[in-house]
DNA sequence: GCCGTTTTCGGCCCGACTGTTTTCAGTCG
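Residue numbers (UniProt numbering): 1 to 567.
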């Protein structure tokens, strides 16, 4: 028996109970028990007294004992025998929760999505108390939507929509302040919707402007403080706007940034002090409201340091507050070591890339165009690379405030060989190796390719180590823990590729790499000067993995970086 | 279902919106 199975079982029991229309506190007691186990860093073997944990009582404890003794939970088995599994997917229909689904099952014997659809079409659902024609119609529409709309949308698909909405909000005079919130602000890889907080004195006017000037496909809700719409575009996406007064803004931003678990912890902390947190402020014992100018002020009010949105997750952040000052921030970044120019498939000349990097205040960068093998990207031949080295050496003289290093993003070929000879690599300051081909090879072969790159003395870094595209492509499935071991043994850097398509390595591996003492680089892989901005999301994604400044190569001084690449 | 040196009963994070009601339950975040 492992911890994961216990957690999964408790969560499943909660789900089935919800579908029975059980008391919601009872349901959440099982969820809480699962969370207690999840948040405990110890493995099952290390936990000698699992039944004594706070949040685990007689019933949840019995489930755990059952699992430990017999390998199955008789409670879950009973529930699965009573509650048809076809009810589970119905929870995904917006507007339907446990209570309503239980009612549909009890009174109309609806036990699946298909049965529900038929019952709605036959207008049977509207005969139930609490349901009416409008609800019935809505259920049908939502079932249709479920089939056409993906559950979550990737961060790279959300980014242009956030920019579009922000540029619109900026033009509305009645808006005093605004910010994106929700999981997008926490840099989740994918989100169900986008949240915005708006401070305004004229909520009605702003509501009308939002509804009229945004590409609204559907209005989900439009109240005085909340506007919820589906926006039209390449990807249909739900967007929530919360309209508050300026003095409520910091509290609203904090509340709607979440996460839910983070908020619950904060409310518990407040409660212990006899205070009550809501999205409008903090209510004191005498009933008066405390307001804040910023989230920093809000946390300080509870004697907490500012907790960045990126780490507001499962509540475990509250036990790691001492690490917050160590986390990497954008201000720590001194350079970007993976970018392309017109020499391969970039949109700008080397000089333009240098100028844009200077504007960012960087002290050093590396130009890393593609290598010969990648013909589709106009990869550089040996001759062209030598010429580029010469060009960069000439350009170096022009600048005293930024160091330009020569480099390459060299392909690791399908047969495992490297695209350039050592003799050529030797002449470069910084060598990146990466895989762009034959993703479907068996893991053994992929690892052989990576091993060849890692053991080469002239290679400094492996870029986008898994090759994934968020929510779209899994990559080439390397054995990352082994790669991390190899990087450690051979003194290589692994990349956190900051392009929102990639965010590769992902957080679980970034954590592991830092634990093992492997240096990590955050690079934009920019093919356009506009993409240099991805350093920001890269750094914030790194925070999600609790990466420290000193782990990140980009925070090292020019001198330290020079020392490192010399070897 | 779980918890508790104010409590072993009565809370549980809190509030908005919708749809179905005629004062509120259910859902959602």
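Backbone N, C-alpha and C fix where the C-beta goes; we use that ideal spot for every residue, glycine too.
CA-CA distance, residue 551 to residue 541, rounds to 14 Å.
Using a C-beta cut-off of 8 Å, the stretch 151-165 makes no contact with the stretch 114-132, since fewer than three inter-stretch Cβ pairs fall below that distance.
Around the beta carbon of residue 252, a 10 Å sphere encloses 16 or more other beta carbons of the protein chains shown; the residue is thus reported as buried. Between residue 236 and the set 271, 192, 205 and 409, the nearest pair of CA atoms involves 192. Around the CB of residue 506, 16 or more other CB atoms lie within 10 Å, so the residue is classed as buried.
Per DSSP, reduced to three states, the secondary structure at residue 143 is helical. Shown here for residue 226: same chain residues with a beta carbon closer than 8 Å to its own, the five before and five after excluded, namely 240, 241, 242 and 243 in chain order. Contact between the stretch 518-528 and the stretch 325-340 is present: 3 or more CB-CB pairs across the two stretches fall below 8 Å. Here residue 238 is bridged, per DSSP, to 193 and 230. With a contact defined as Cβ atoms closer than 8 Å, residue 410 and residue 377 miss out at about 12 Å. Unbroken beta strand (DSSP E) runs of no fewer than 3 residues, entirely contained in the stretch 474-527, are found at 493-497 and 520-523, following chain order.
In the three-state reduction of the DSSP assignment, residue 278 falls in the strand class, which pools E and B. For the pair residue 44 and residue 131, the Cα-to-Cα distance works out to about 46 Å. Residue pairing by DSSP places residue 406 opposite 367 in a beta bridge. The Cβ atoms of residue 305 and residue 330 lie no closer than 7 Å to each other. Residue 190 and residue 393 have their C-alpha atoms some 42 Å from each other. Positions of the beta strand (DSSP E) runs, each at least 3 residues long and wholly inside the stretch 347-396, are given as 364-367 in order along the chain. In this structure the stretch 373-388 does not lie against the stretch 490-506, because fewer than three pairs of beta carbons, one per stretch, are closer than 8 Å. Contact check for residue 547 and residue 327: beta-carbon distance about 7 Å, within the 8 Å limit, so the pair qualifies.
Closest by C-alpha distance to residue 31, out of 60, 267, 20 and 41, is 60. Using a Cβ distance threshold of 7 Å, residue 504 and residue 460 do not count as a contacting pair.
Taking a contact to require three or more Cβ pairs closer than 8 Å, the stretch 246-260 and the stretch 209-219 do not qualify as touching. Taking a 10 Å sphere around the C-beta of residue 440, we find fewer than 16 other C-beta atoms and assign the residue as exposed. By the CB criterion at 7 Å, residue 216 and residue 174 fall outside the cutoff. The alpha-carbon separation between residue 555 and residue 536 amounts to approximately 13 Å.
When the five nearest sequence neighbours on each side are left out, the beta carbons in the same chain lying within less than 7 Å of the beta carbon of residue 283 are those of 275, 276 and 289, in order along the chain. For residue 303, the closest C-alpha among the options 178, 281, 310 and 269 is that of 269. For residue 398, the three-state secondary structure derived from DSSP is coil.
Only residues of its own chain outside the window of five on either side were considered, and among them 79 and 83 have a CB closer than 6 Å to the CB of residue 16, listed in chain order. Only residues of its own chain outside the window of five on either side were considered, and among them 213 and 214 have a CB closer than 7 Å to the CB of residue 168, listed in chain order.
According to DSSP, residue 178 shares a beta bridge with 198.
Under DSSP, residue 90 takes part in no beta bridge, so it has no partner.
With contacts defined by Cβ atoms closer than 7 Å, residue 396 and residue 404 form a contacting pair. According to the DSSP secondary-structure assignment, residue 95 is paired through a beta bridge with no residue. Under DSSP, residue 430 takes part in a beta bridge, and its partners are 407. Beta-carbon to beta-carbon, residue 402 and residue 365 are separated by about 7 Å, close enough to satisfy the 8 Å threshold.
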